[in-house]
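Each step along the sequence shown adds one to the number in my numbering, with nothing skipped, and position 77 is 1218.
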Amino acid sequence: QSRKLSLPMKWPFFPLLSLATIILILPIAAQSPTYKVPRTADGKPDFQGIWVARNAASFDVTEIAEGREIPYLPEALEREQKGPRVDPIANCSMPGVPRITYMPFPIQIMQRPGVVVLLYEYLHDFRLVPTTPRAHIEELDLWLGDSVGKWEGDSLVVDVTNQRPETWLDSARHTHSEALHVVERYTRSGPDTIRYEATLEDAKTYSKPWKIAMPLHRITEPGFEIREQECIEGDSGRAIHPLYRPAGKQ
């Protein structure tokens, strides 16, 4: 009888214990600290610092593509197969956007009211991104396109058009046309990370818009700075890229 009497007394205790545990845990979870995005003096999200992508997307962009595939139009695939077979950066051309973001070289971001400056160690490239509304430049193709930015909450959104069709998205010959339209989104996701996303749209090449996403990592090495990275064509016409040498290391 003692066993039969003890069961009804014990079983109701477990639901009560679980409920009490939940009640205790919920306030702790609610009070757990969340990342607070740092701000510049004018109240904008602060992206300043030196950042780098740590992936192989420059060799094959599908590594960071949604679903790991690119929705090519059949005629675009045929055009790609008949097109040039040497990566344009082999001739020291600028990589284009978004590829320059995932080249394996540091990027320094600087901010001033009304403008974000992206300084790329690769080929001394840079982009000045105005964050006040303006129309895109007309009838002018640029290797890194025409960038116009705006702030959306904790994100910097950059609209990029007017890119030259010669640039590739990677070394795997993933290409685009002059109709490429890229919308980049930079979001601070932690003290030392930025979430980078880009939507690519090109009605002459892709059957629908598609996305890439990856983290950018802050370089925290004391005294680190971007340096000169020169591309020089050799006798074969191929680019000669000196090995990267971080600051403070000889």
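Backbone N, C-alpha and C fix where the C-beta goes; we use that ideal spot for every residue, glycine too. If you're wondering where the values come from, they're calculated on a predicted model, not measured in any experiment.
- Query: For the candidate residues Pro-1356, Arg-1268, Tyr-1261 and Val-1324, whose alpha-carbon lies nearest to that of Asp-1333?
  - Reply: As a working note, residue 1333 is residue 192 in the sequence shown. Ranking the options by Cα distance to Asp-1333, first place goes to Pro-1356.
- Mapping DSSP to helix, strand and coil, what is Val-1323? Reading the sequence shown from its first residue, position 182 is the one you call residue 1323. Of the three classes helix, strand and coil, the one that applies to Val-1323 here is strand, per DSSP.
- Quick one: is Thr-1361 buried, meaning 16 or more other Cβ sit within 10 Å of its Cβ, or exposed? Taking the sequence shown and counting its residues from 1, the one referred to as residue 1361 is at position 220. The residue is exposed, with fewer than 16 neighbouring Cβ atoms inside 10 Å.
- Query: With a Cβ-Cβ cutoff of 7 Å, do Val-1298 and Ser-1288 count as a contact?
  - Reply: For the purposes of this step, residue 1298 is taken as the residue at position 157 of the sequence shown. For the purposes of this step, residue 1288 is taken as the residue at position 147 of the sequence shown. No; because the gap between Cβ atoms is not below 7 Å, this pair is not in contact.
- Heavy atom of the ligand SAH within 6 Å of Thr-1346 beta-carbon: In the structure on display, the ligand SAH does not appear, and there are no ligands present to speak of.
- Message: Since Leu-1214 and Ser-1312 should fall inside the 8 Å C-beta cutoff, what is the C-beta to C-beta distance between them, to a whole number of angstroms?
- Response: Position 73 of the sequence shown, counted from the start, is the residue given in the question as residue 1214. Position 171 of the sequence shown, counted from the start, is the residue given in the question as residue 1312. Incorrect: roughly 22 Å between the Cβ atoms, too far for contact.
- Reference Pro-1179, options Leu-1260, Thr-1328, His-1358 and Glu-1369, closest by Cα: Translated into positions along the sequence shown, residue 1179 becomes position 38. Here the closest residue by C-alpha is Thr-1328.
- Note down the Cα distance separating Arg-1195 from His-1277, rounded to an integer number of angstroms. Start at 1 with the first residue of the sequence shown, and residue 1195 comes out as number 54. Start at 1 with the first residue of the sequence shown, and residue 1277 comes out as number 136. Approximately 31 Å between the Cα atoms of the pair.
- Item | Validate contact between the region 1235-1245 and the region 1192-1208 using beta carbons, cut 8 Å, 3 pairs | yes
- Message: So for Arg-1220, helix, strand or coil by DSSP?
- Response: As a working mapping, residue 1220 is identified with position 79 in the sequence shown. Three-state DSSP puts Arg-1220 in a helix.
- Query: Could you give the residue range of the beta strand (DSSP E) that holds Gln-1249?
  - Reply: Walking along the sequence shown from the start, residue 1249 turns up at place 108. Element bounds for Gln-1249: 1248-1253.
- Task: Kindly confirm or deny that the region 1303-1319 and the region 1183-1194 touch, where touching means at least three C-beta pairs closer than 8 Å.
- Result: no
- Task: Could you spell out where the beta strand (DSSP E) holding Ile-1335 opens and where it closes?
- Result: In the sequence shown, counting from the first residue as 1, residue 1335 sits at position 194. Start and end: 1334-1342.
- Simplified DSSP assignment, three categories, for Arg-1209: Translated into positions along the sequence shown, residue 1209 becomes position 68. In the three-state reduction of the DSSP assignment, Arg-1209 falls in the helix class, which pools H, G and I.
- Message: Is the separation between the beta-carbon of Arg-1268 and that of Leu-1259 shorter than 7 Å?
- Response: By one-based count along the sequence shown, residue 1268 stands at place 127. By one-based count along the sequence shown, residue 1259 stands at place 118. Yes, the pair counts as a contact, with Cβ atoms nearer than the cut-off.
- Item | Exposure of Asp-1183, with buried meaning 16 or more beta-carbon neighbours within 10 Å | For the purposes of this step, residue 1183 is taken as the residue at position 42 of the sequence shown. Exposed, because fewer than 16 other Cβ atoms sit within 10 Å of the Cβ of Asp-1183.
- Message: Helix, strand or coil for Val-1178? Go by DSSP, reduced to three states.
- Response: Taking the first residue of the sequence shown as position 1, residue 1178 is located at position 37. DSSP places Val-1178 in coil when its eight states are reduced to three.
- Message: Could you tell me the alpha carbon to alpha carbon distance between Gly-1290 and Lys-1223, rounded to whole angstroms?
- Response: The sequence position of residue 1290 within the sequence shown is 149, counting from 1. The sequence position of residue 1223 within the sequence shown is 82, counting from 1. Spanning the two alpha carbons is a distance of roughly 35 Å.
- Task: Out of Leu-1341, Glu-1279, Pro-1236 and Trp-1309, state which residue places its alpha-carbon closest to the alpha-carbon of Tyr-1261.
- Result: Locating residue 1261 in the sequence shown gives position 120, counting from the first residue. Taking Tyr-1261 as reference, the option from Leu-1341, Glu-1279, Pro-1236 and Trp-1309 with the minimal CA-CA separation is Pro-1236.
- Would DSSP call Leu-1165 helix, strand or coil? Against the sequence shown, residue 1165 aligns to sequence position 24. Note on Leu-1165: pLDDT 43, under 50, position unreliable in the model; the coordinate value appears next. It is helical.
- Item | Alpha-carbon spacing of Arg-1226 relative to Trp-1309, whole angstroms | For this step, residue 1226 is matched to residue 85 along the sequence shown. For this step, residue 1309 is matched to residue 168 along the sequence shown. Taking the straight line from one Cα to the other gives about 11 Å.
- Are the Cβ atoms of Ala-1217 and Thr-1346 separated by less than 7 Å? The residue labelled residue 1217 in the question sits at position 76 within the sequence shown. The residue labelled residue 1346 in the question sits at position 205 within the sequence shown. The answer is yes: Cβ separation under 7 Å.
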